[in-house]
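Residue 2 is where the sequence shown starts when you use the working numbering, and the numbers rise one by one after that.
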Amino acid sequence: MLFFLGALLFFLLPSLSKRNTSFIDYYLLFCLYFDAANVLVDSQAVNFQYFQNFLMLSFSFYYFFTQINKVSKLHKKVFISTTVFLLIILIFPILKGESIDQSIRTFSKVFTSVIILPISFHYYSKKGNIKNLIISGYYFIIAWVMIVLLFTILKYDAVGDKLGSTTFGGGIFYFGNMGQRGALTYISFALLIVPLIMSNFLNKRKSTLFISIGFILSILFIALKRFSFVVIILGLFNYLIKSTISFKLKLRLVLGASVILILVFFTTDLKDITIKSYDNRGAERKFGTEAISSDIRIFEPFYVFRQIGDNSMSDFFFGKKMAKRTISISTSNFEGDRVVHNEYAQILLKYGIFGLVMYLYIFVILYKIVLRLKKELQIRNIYRDEYWIVFQNFLIIFIISGMVGGHVHITFRGFVLLFLGGIGGYFYSLLRRNE
Numbered sequence: 002m003l004f005f006l007g008a009l010l011f012f013l014l015p016s017l018s019k020r021n022t023s024f025i026d027y028y029l030l031f032c033l034y035f036d037a038a039n040v041l042v043d044s045q046a047v048n049f050q051y052f053q054n055f056l057m058l059s060f061s062f063y064y065f066f067t068q069i070n071k072v073s074k075l076h077k078k079v080f081i082s083t084t085v086f087l088l089i090i091l092i093f094p095i096l097k098g099e100s101i102d103q104s105i106r107t108f109s110k111v112f113t114s115v116i117i118l119p120i121s122f123h124y125y126s127k128k129g130n131i132k133n134l135i136i137s138g139y140y141f142i143i144a145w146v147m148i149v150l151l152f153t154i155l156k157y158d159a160v161g162d163k164l165g166s167t168t169f170g171g172g173i174f175y176f177g178n179m180g181q182r183g184a185l186t187y188i189s190f191a192l193l194i195v196p197l198i199m200s201n202f203l204n205k206r207k208s209t210l211f212i213s214i215g216f217i218l219s220i221l222f223i224a225l226k227r228f229s230f231v232v233i234i235l236g237l238f239n240y241l242i243k244s245t246i247s248f249k250l251k252l253r254l255v256l257g258a259s260v261i262l263i264l265v266f267f268t269t270d271l272k273d274i275t276i277k278s279y280d281n282r283g284a285e286r287k288f289g290t291e292a293i294s295s296d297i298r299i300f301e302p303f304y305v306f307r308q309i310g311d312n313s314m315s316d317f318f319f320g321k322k323m324a325k326r327t328i329s330i331s332t333s334n335f336e337g338d339r340v341v342h343n344e345y346a347q348i349l350l351k352y353g354i355f356g357l358v359m360y361l362y363i364f365v366i367l368y369k370i371v372l373r374l375k376k377e378l379q380i381r382n383i384y385r386d387e388y389w390i391v392f393q394n395f396l397i398i399f400i401i402s403g404m405v406g407g408h409v410h411i412t413f414r415g416f417v418l419l420f421l422g423g424i425g426g427y428f429y430s431l432l433r434r435n436e
C-alpha cells in the first residue's frame with residue numbers, strides 16, 4: 002500500500018516545489034519510480050502496473066478538459082493524430098473478437114506512454130519551462146544510477162541471479178525488474194539529452210553527470226546490448242556534425258571522452274569483465290556482420306504483410322486476432338513459428354495497415370510541425386541548434402529502434418515522446434513570444 006501511496010506524491014510535488022512546475026515535469030521520475038518499485042510489490046505487481054496507467058489516464062482527462070480552450074491548430078494536429086491511433090488500439094482488437102478486458106489492458110499501457118506527446122507539446126508551448134524538463138532528465142539519469150547501485154548492493158533482481166549473472170549485468174550489476182522493463186534501452190536514449198544538460202547546467206552539475214555517464218557506459222559494455230551502442234554512436238555523430246560549437250571544442254570532447262574510456266577500460270577490471278560477458282553471451286554470433294545481415298527482426302514486417310495479405314481484406318486493414326503475435330517463417334537461418342519483435346510488424350499484425358499508417362503518421366506530422374517552427378525561428382535568428390539536434394536524434398533513432406525491437410515499455414516510449422513534444426512546444430513558445 003505504501004508504494005501505491007508513494008506514486009501519488011508525484012502529483013503533489015508541483016505544490017511543494019519552489020519552481021513553477023507541473024506533474025508533466027516529473028513524468029520521467031514517475032515512470033522510473035514504477036520501474037524500480039515494481040519488483041518490490043510482489044503479488045501486487047500487476048495491480049501496481051495498472052495503477053500507473055490509471056493515474057495517467059485520470060491526469061490526461063483532467064489536463065485536456067481544463068486546457069481545452071487553449072489549443073491552436075498545431076496542437077489539434079498532434080492531438081488528433083495520437084487520439085486516432087489510440088482509438089485503433091482500443092477498438093480494432095474488440096472488433097476482431099478480443100476480450101474487452103484484454104483490449105483495455107493493452108490500450109492502457111500504450112495510452113500511458115503515447116498520450117504524453119500531445120500533453121507535453123501543449124504544456125511546453127504555453128506555460129511550461131523547458132528547463133524544468135531538462136532538470137528532470139538530469140535527475141532521471143542520476144536516480145537510475147543510484148537505483149542500480151542499490152539493487153547491486155542488495156543483489157536484488159526479479160528472477161534470482163539470472164538477470165544479474167547472465168543477461169544484463171554479467172554477475173556485477175543487478176536491476177531489480179528494471180532490466181525487463183527496458184532500462185538499458187531508455188538509459189541509452191537518456192544520454193542523448195546530455196548536450197542540453199551541459200548547455201544549461203554544466204557548471205553546477207558536471208561532476209555528478211560525468212561520473213554517472215561513466216557508470217552507465219561501464220554497464221552498457223558489460224551488458225553488450227547492441228542497440229545501446231547504436232543509439233549513442235548515432236546521437237554523438239549527429240551532434241558533432243550539426244552542432245555549431247567550434248571544431249576545437251568538438252575535438253576536445255571526442256579526445257577527452259576517448260581518453261577517459263580507455264583509462265577506465267584498462268586500469269580497472271572492466272576489460273576482463275567485458276571479455277567474460279562477451280564469451281558467456283555468445284556475443285560473437287550477435288555482433289558479427291553475418292548475424293546483423295541475417296537478423297530476421299528487420300524483415301519481420303514483410304513476413305507479416307504476406308501473412309495477413311493471404312488471409313482476408315479484414316486482416317489486412319484491421320489486423321488479426323493474435324494475442325501471442327507469432328508468425329511462421331522459413332529461411333536458411335530459421336524455420337518455424339516466431340514471436341514478432343519488430344514494432345512495425347507487431348502493429349501490422351494486430352492492428353493492420355490502418356494501425357501502422359496512423360502510428361507512423363504521428364511522427365510524420367510532428368516532424369513537419371517542428372521543422373516548420375525551426376525554420377521560422379531561424380528566420381528570426383532565435384534558433385537553438387542543440388534542441389533541434391536532440392529532437393532529430395530522438396525521432397530518427399527511435400524510429401530505427403522499432404525495426405529491431407518493440408516500443409512496448411512505458412518509460413522508453415514515454416521518455417522519447419515527452420522530449421519530442423517538449424522540444425516542439427518550446428519552439429512554439431519561442432516563436433509566439435517573438436512574434
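For glycine and all other residues, C-beta sits at the position ideal for the given N, C-alpha and C. All values reported here derive from a predicted model rather than from experimental measurement.
A direct Cα-to-Cα measurement between Tyr27 and Thr412 gives close to 12 Å.
Out of Lys156, Ile117, His123, Ile188, the CA that lies nearest to the CA of Val146 is found in Ile188. Contact check for Val195 and Ile214: beta-carbon distance about 7 Å, within the 8 Å limit, so the pair qualifies. Bounds of the alpha helix (DSSP H) holding Val365 are 344-380. In this structure, the straight-line span from the alpha carbon of Gly129 to that of Phe202 is close to 18 Å.
If you check the CB distance, Ile398 and Gly183 do not come in under 9 Å. The beta carbon of Phe35 sits closer than 6 Å to the beta carbons of Gln53 from its chain, once the five residues preceding and following it are set aside; these are given in chain order. The C-beta of Val40 has 16 or more other C-beta atoms within 10 Å across all chains shown, which makes the residue buried. The three-state secondary structure of Val340, taken from DSSP, is strand. Looking at Phe55, Val115, Leu56, the one whose alpha-carbon comes closest to that of Val79 is Val115. Taking 9 Å as the cut-off, the beta carbon of Tyr352 is found closer than this to the beta carbon of Ile90.
Contact annotation: Val341 and Val305 have beta-carbon atoms nearer than 9 Å. For Gly183, the three-state secondary structure derived from DSSP is coil. The alpha-carbon of Leu192 is positioned some 28 Å away from that of Leu9. Taking 4 residues as the minimum length, the alpha helix (DSSP H) runs contained wholly in the segment 195-240 are 195-224, in order along the chain. Annotation for Ile131: Tyr125, Gly423, Tyr427 place their beta carbon closer than 7 Å to its own, counting only its chain and skipping 5 residues before and after.
Proximity to Phe392 across Val231, Phe230, Lys77, Lys243 peaks at Lys243, based on C-alpha coordinates. Inter-residue distance for Tyr51 and Val111 is about 11 Å (C-alpha atoms, whole angstroms).
Phe238 is classed as exposed because its beta carbon has fewer than 16 other beta carbons within 10 Å across all chains shown.
The beta carbons of Leu185 and Lys127 sit no closer together than 9 Å. A straight-line Cα-Cα distance of about 47 Å links Phe355 and Leu256.
Annotation for Ile116: no alpha helix (DSSP H) segment contains it, and DSSP assigns it neither H nor E. Nearest to Ala37 by C-alpha distance, out of Tyr175, Val371, Ser315, Ile390, is Tyr175. Taking the Cβ atoms as the reference, Phe49 lies roughly 14 Å from Phe11, outside the contact range of under 8 Å.
In the structure shown, Gly320 falls within a coil segment according to DSSP collapsed to helix, strand and coil. For the set Ser315, Leu221, Leu197, the Cα lying nearest the Cα of Ile390 is the one of Leu197. Of the candidates Leu418, Leu30, Gly406, Arg298, the residue whose Cα lies closest to the Cα of Asn394 is Leu418. Taken through DSSP and simplified to helix, strand or coil, Gly177 comes out as strand.
Within 10 angstroms of the beta-carbon of Ser16 lie fewer than 16 other beta-carbons, which makes it exposed.
Each residue's CA atom was taken as its position, placing Ile120 and Ser61 some 8 Å apart.
Sequence-distant Cβ neighbours of Phe108 in its own chain, meaning closer than 8 Å and more than five residues away, are Leu87, Ile90, Leu91.
Here the alpha carbons of Phe416 and Phe222 stand approximately 23 Å from one another. Sorting Gly425, Arg414, Val409 by C-alpha distance to the C-alpha of Arg106 places Val409 at the top. According to the DSSP assignment, Phe65 belongs to the alpha helix (DSSP H) that extends over 46-68. With 16 or more other Cβ atoms from the protein chains shown falling within 10 Å of its own Cβ, Asp316 counts as buried.
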